[in-house]
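To start, the structure itself, in structure tokens.
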Amino acid sequence: MGYKKYLDKAILLVTGAFVFLLPLDRNMLSPLIGLMVVLGVMQFKRINFLENVKLYKHYYVFIVLFLIWQITSLFWSEDISRGLKSIEHRAFFIIAPLIFLLYKKWPKERLIKIFIISNFLICIFCFGNLVYFFIDKKMYFINKTINEGINFYTFRYFTYHSGANFISFGVHRLYFSFSVLTSLLFLFFFSNAISHKFLKYVFGIIFIVVIFLIQSKIAIILLLIILTYITFIAFKNNKGKKRTVILTSFILVMGLGFYLSYIRFNQSIQQIEKIEEQTNGSLVERFQYSRCSLELIQEAPFFGYGVGDIDDKIKDKLLKYNYNYLIERGVFDPHNEFLKAYIGSGIIGFILFLSIFIALFYIAYKKKSEVLLFYIAFIFLICLIEPFLSRQAGILPSLFMIGLLIQETKKPETL
Numbered sequence: 000m001g002y003k004k005y006l007d008k009a010i011l012l013v014t015g016a017f018v019f020l021l022p023l024d025r026n027m028l029s030p031l032i033g034l035m036v037v038l039g040v041m042q043f044k045r046i047n048f049l050e051n052v053k054l055y056k057h058y059y060v061f062i063v064l065f066l067i068w069q070i071t072s073l074f075w076s077e078d079i080s081r082g083l084k085s086i087e088h089r090a091f092f093i094i095a096p097l098i099f100l101l102y103k104k105w106p107k108e109r110l111i112k113i114f115i116i117s118n119f120l121i122c123i124f125c126f127g128n129l130v131y132f133f134i135d136k137k138m139y140f141i142n143k144t145i146n147e148g149i150n151f152y153t154f155r156y157f158t159y160h161s162g163a164n165f166i167s168f169g170v171h172r173l174y175f176s177f178s179v180l181t182s183l184l185f186l187f188f189f190s191n192a193i194s195h196k197f198l199k200y201v202f203g204i205i206f207i208v209v210i211f212l213i214q215s216k217i218a219i220i221l222l223l224i225i226l227t228y229i230t231f232i233a234f235k236n237n238k239g240k241k242r243t244v245i246l247t248s249f250i251l252v253m254g255l256g257f258y259l260s261y262i263r264f265n266q267s268i269q270q271i272e273k274i275e276e277q278t279n280g281s282l283v284e285r286f287q288y289s290r291c292s293l294e295l296i297q298e299a300p301f302f303g304y305g306v307g308d309i310d311d312k313i314k315d316k317l318l319k320y321n322y323n324y325l326i327e328r329g330v331f332d333p334h335n336e337f338l339k340a341y342i343g344s345g346i347i348g349f350i351l352f353l354s355i356f357i358a359l360f361y362i363a364y365k366k367k368s369e370v371l372l373f374y375i376a377f378i379f380l381i382c383l384i385e386p387f388l389s390r391q392a393g394i395l396p397s398l399f400m401i402g403l404l405i406q407e408t409k410k411p412e413t414l
């Protein structure tokens, strides 16, 4: 009994540290994953393993098959070393199923709480770093604001520079935005995560402001989806003056979001007119990457080019169309996980990758888990414009959190 008690404490300590560090994408995550596997083996019981196989089989079967097929594609890849590196990045595709099959039960509520608090503390730290940045680099802006007062463009200027300088560690703005967005999602669906009502609202407001400040366009769109749903639920569950307050708050937040994000989204709107020109801009660039990717798929529709040759084939197409600025940048990725799966491993790889999401949506539907449905849908949408599940910053939180959410046996309480 004493052994089990200490083992449970060790599991909470290691998994808690892992979840706390997830938003930071630190090198400490790899040894923590190793410890999680070791602890899982130490508490292994055959009956628990078989029960977990039943619970997770629909989820993990396609993830494992997809990784196996990608490994198989190395046989027709010319650049084996690059292919092996790509497979290495996806090692958690195998490790995640192993971890969740070994453990009888996860301290899910505690882990979700740790994750929310971690994101909140990181946001507070980044706010402090942003203040230092403006004092150190933008003192003229502060003096101008003091002398002339706050005007229509003050907060837009602040937001514009916040997008590139808010995050003070080496994580892409989209990935940290998704982490904050996930915390907001959990804050809403798991009422016991932060039990104090005032703190819950403080956390929520901070998360919303941070997403607007970071200026990741897809994250802002997903935030608006969450806020619309939260408003709908709150409006439905309340009457009279409370409904007026809810709608007013929603309109104010939407107005704030439009005001702060106007410049960023307007740039994308302007790029639509230049979508086929040889110029830069995130929307134009993604169109150009997609154009090259679709042409590659037409040329090798059955088996693809092998997981190791994706970069070289994309580069060849960029050279063909004289997208020199993309070549100089040195990023040869389709920026779409579905196209990437097709280019690397053909129609079978594409079907297996798509089947991962179909299986997850089916699980969410069967379990009637709205939080799982939202989480999967957000990952699906991000994969359409970003190699989210090719990078560990996307793979680790996605597979781990989905594993936790699948354990949900009832519909979570809402605020």
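Numbering of the sequence shown is given in numbering that gives the first Met the number 0, commencing with residue 0 and proceeding in unit increments.
Here a beta-carbon is modelled for each residue, glycine too, at the ideal position from N, C-alpha and C.
If the criterion is Cβ atoms closer than 8 Å, does the pair V36 and I123 meet it? For this step, residue 36 is matched to residue 37 along the sequence shown. For this step, residue 123 is matched to residue 124 along the sequence shown. Inclusion of V36 and I123 in the CB contact set at 8 Å is not warranted, their separation being larger than that value.
Nearest to L293 (by Cα), restricted to the options V244, Q42 and I346: Against the sequence shown, residue 293 aligns to sequence position 294. If we check each option's Cα against that of L293, I346 comes out closest.
For L12, collect the residues of the same chain with a Cβ closer than 7 Å to its Cβ; drop the 5 residues on either side in sequence, then sort them by chain order. Mapped onto the sequence shown, residue 12 falls at position 13. If we look at L12 and ignore the five residues flanking it on each side, it has no Cβ neighbours.
Burial state of H195, where buried means 16 or more other Cβ atoms lie within 10 Å: Reading the sequence shown from its first residue, position 196 is the one you call residue 195. Of the residues assessed, H195 falls on the exposed side of the cut-off, its CB having fewer than 16 other CB atoms within 10 angstroms.
Could you name the residues of the same chain whose beta carbon sits closer than 8 Å to that of K410, not counting the 5 residues immediately before and after it, in chain order? Residue 410 sits at position 411 when you count from the first residue of the sequence shown. A caution first: K410 carries a pLDDT of 48, below 50, which makes its placement in the model unreliable, though a value can still be read off. The beta carbon of K410 lies closer than 8 Å to those of K367, S368 and E369 in the same chain, with the five residues before and after it left out.
Count the other CB atoms, across all protein chains shown, that sit within 10 Å of the CB of K316; report buried if there are 16 or more and exposed otherwise. Within the sequence shown, residue 316 is the residue found at index 317, counting from 1. Taking all protein chains shown into account, K316 has 16 or more neighbouring C-beta atoms within 10 Å of its C-beta and is therefore buried.
Could you check whether F175 and I213 sit closer than 8 Å to each other, using their CB atoms as the reference points? The residue you call residue 213 lines up with position 214 of the sequence shown. The residue you call residue 175 lines up with position 176 of the sequence shown. Cβ atoms of I213 and F175: closer than 8 Å.
Enumerate in chain order the residues of its own chain whose CB-to-CB distance from G254 is below 7 Å, with the five nearest sequence positions on each side excluded. Position 255 of the sequence shown, counted from the start, is the residue given in the question as residue 254. None.
Neighbour flag for L221 against chain D, beta carbons, 8 Å: Within the model displayed, chain D is absent; a lone protein chain is all it includes.
So what's H171 in DSSP terms, helix, strand or just coil? The count along the sequence shown starts at 1 and reaches residue 171 at position 172. Reduced to three states, the DSSP call for H171 is coil.
Please report the Cβ distance between Q69 and G348, rounded to the nearest whole angstrom; I am assuming they are in contact, meaning their Cβ atoms lie under 8 Å. As a working mapping, residue 69 is identified with position 70 in the sequence shown. As a working mapping, residue 348 is identified with position 349 in the sequence shown. In this structure, Q69 and G348 form a Cβ contact; the two beta carbons are roughly 6 Å apart against a cut-off of 8 Å.
Own chain, CB closer than 7 Å to N164, minus 5 neighbours either side, in chain order: By one-based count along the sequence shown, residue 164 stands at place 165. Around N164: L129 and F132.
In chain order, which alpha helix (DSSP H) runs of at least 4 residues are fully inside the stretch 194-255? Fully enclosed alpha helix (DSSP H) runs of 4 or longer: 196-213 and 216-236.
To the nearest angstrom, report how far apart T408 and F188 are at their CA atoms. To locate residue 408, count along the sequence shown from 1; it is residue 409. To locate residue 188, count along the sequence shown from 1; it is residue 189. For T408, the predicted structure reports a pLDDT of 48, less than 50, and the residue's modelled location is therefore unreliable. A value from the coordinates is still provided. If you take the alpha carbons of T408 and F188, they lie about 14 Å apart.
Local Cβ density within 10 Å of S466, reported as buried at 16 or more and exposed below that: Examination of residue 466 is not possible in this model, given that the chain is present from 0 through 414 alone.
May I ask you to verify whether the stretch 58-77 touches the stretch 17-33, counting CB pairs closer than 8 Å and requiring at least 3? A contact between stretches requires three or more CB pairs, one per stretch, nearer than 8 Å, and the stretch 58-77 fails this requirement with the stretch 17-33.
Return yes when the Cβ of F331 is within less than 8 Å of the Cβ of K314, no when it is not. Here residue 314 refers to the residue found at position 315 of the sequence shown. Here residue 331 refers to the residue found at position 332 of the sequence shown. In this structure, F331 lies closer than 8 Å to K314 by Cβ.
Cut-off 7 Å between Cβ atoms - residues of its own chain near T230, not counting five sequence neighbours on either side: Start at 1 with the first residue of the sequence shown, and residue 230 comes out as number 231. Correct list, in chain order: I245 and F249.
Endpoints, the alpha helix (DSSP H) within which E77 is located: In the sequence shown, the residue the question calls residue 77 occupies position 78. Unbroken run through E77: none, as it is neither H nor E.
Nearest-angstrom Cα separation, counted from M41 out to Y228: The sequence position of residue 228 within the sequence shown is 229, counting from 1. The sequence position of residue 41 within the sequence shown is 42, counting from 1. Roughly 42 Å between the two C-alpha positions.
Supposed close pair Y58, I378 - CB separation, criterion 8 Å: Sequence index remark: in the sequence shown, residue 58 carries index 59 (1-based). Sequence index remark: in the sequence shown, residue 378 carries index 379 (1-based). About 13 Å separates the two Cβ atoms, so there is no contact after all.
Take the Cβ of L198 as the centre, count every other Cβ of all protein chains shown within 10 Å, and call the residue buried at 16 or more, exposed below. What you label residue 198 is simply residue 199 of the sequence shown in a count that begins at 1. Burial call: exposed.
Using a Cβ-Cβ cutoff of less than 7 Å, which residues in the same chain neighbour A9 once the five nearest sequence positions on both sides are dropped? If you number the sequence shown from 1, residue 9 lands on position 10. Excluding its 5 nearest sequence neighbours in each direction, A9 has C-beta neighbours in its own chain below 7 Å: L38, listed in chain order.
So, with DSSP's three-state summary, where would you put M35? Numbered from 1 along the sequence shown, position 36 holds the residue referred to as residue 35. Reduced to three states, the DSSP call for M35 is helix.
Please confirm if the stretch 112-122 is in contact with the stretch 85-104, defined as three or more CB-CB distances below 8 Å between the two stretches. With contact defined as three or more Cβ pairs closer than 8 Å, the stretch 112-122 and the stretch 85-104 are not in contact.
Does the Cβ-Cβ distance between R172 and G162 come in under 8 Å? In the sequence shown, residue 172 corresponds to position 173, counting from 1. In the sequence shown, residue 162 corresponds to position 163, counting from 1. Less than 8 Å divides the Cβ of R172 from the Cβ of G162.
Among P96, W75 and Y55, which has the Cα closest to the Cα of I32? Numbered from 1 along the sequence shown, position 33 holds the residue referred to as residue 32. It is P96 whose Cα lies nearest to the Cα of I32.
Quick check on this structure: which residue in V208, K235 and N236 has the alpha carbon closest to the alpha carbon of L251? The residue given as residue 251 occupies position 252 in the sequence shown. Relative to the Cα of L251, the nearest Cα in the group V208, K235 and N236 belongs to V208.
Looking at L21 and F114, is the spacing between their C-beta atoms short of 8 Å? Translated into the one-based positions of the sequence shown, residue 114 becomes position 115. Translated into the one-based positions of the sequence shown, residue 21 becomes position 22. Against a cut-off of 8 Å, the Cβ pair of L21 and F114 comes out as a contact.
Alpha-carbon to alpha-carbon, L23 and R285: Numbered from its first residue, the sequence shown carries residue 285 at position 286. Numbered from its first residue, the sequence shown carries residue 23 at position 24. As the crow flies, the alpha-carbon of R285 is around 26 Å from that of L23.
I need the straight-line Cα distance from I350 to F19, nearest angstrom please. Numbered from its first residue, the sequence shown carries residue 350 at position 351. Numbered from its first residue, the sequence shown carries residue 19 at position 20. When rounded, the distance between both Cα atoms is 34 Å.
Consult DSSP for F65 and reduce its assignment to one of helix, strand or coil. Counting from one through the sequence shown, the residue named residue 65 turns up at place 66. Look at F65 here: in three-state DSSP terms it is helix.
Helix, strand or coil: which one does DSSP assign to H334? Residue mapping note: residue 334 aligns to position 335 of the sequence shown, counting from 1. Residue state, collapsed to three classes: coil.
Length of the line joining the Cα atoms of G82 and T14: Position 83 of the sequence shown, counted from the first residue, corresponds to residue 82. Position 15 of the sequence shown, counted from the first residue, corresponds to residue 14. Pairing G82 with T14, the inter-Cα distance amounts to about 30 Å.
My assumption, with CB atoms under 8 Å, is that S389 sits in contact with H160. Please give the rounded CB distance. Position 390 of the sequence shown, counted from the start, is the residue given in the question as residue 389. Position 161 of the sequence shown, counted from the start, is the residue given in the question as residue 160. Taking a contact as a CB-CB distance under 8 Å, the pair S389 and H160 does not count as one, their CB atoms being some 30 Å apart.
Measuring CA to CA, which of K53, F126, L371 and N323 is closest to I205? For the purposes of this step, residue 205 is identified with residue 206 of the sequence shown, where counting begins at 1. Minimum Cα distance to I205 is reached at F126.
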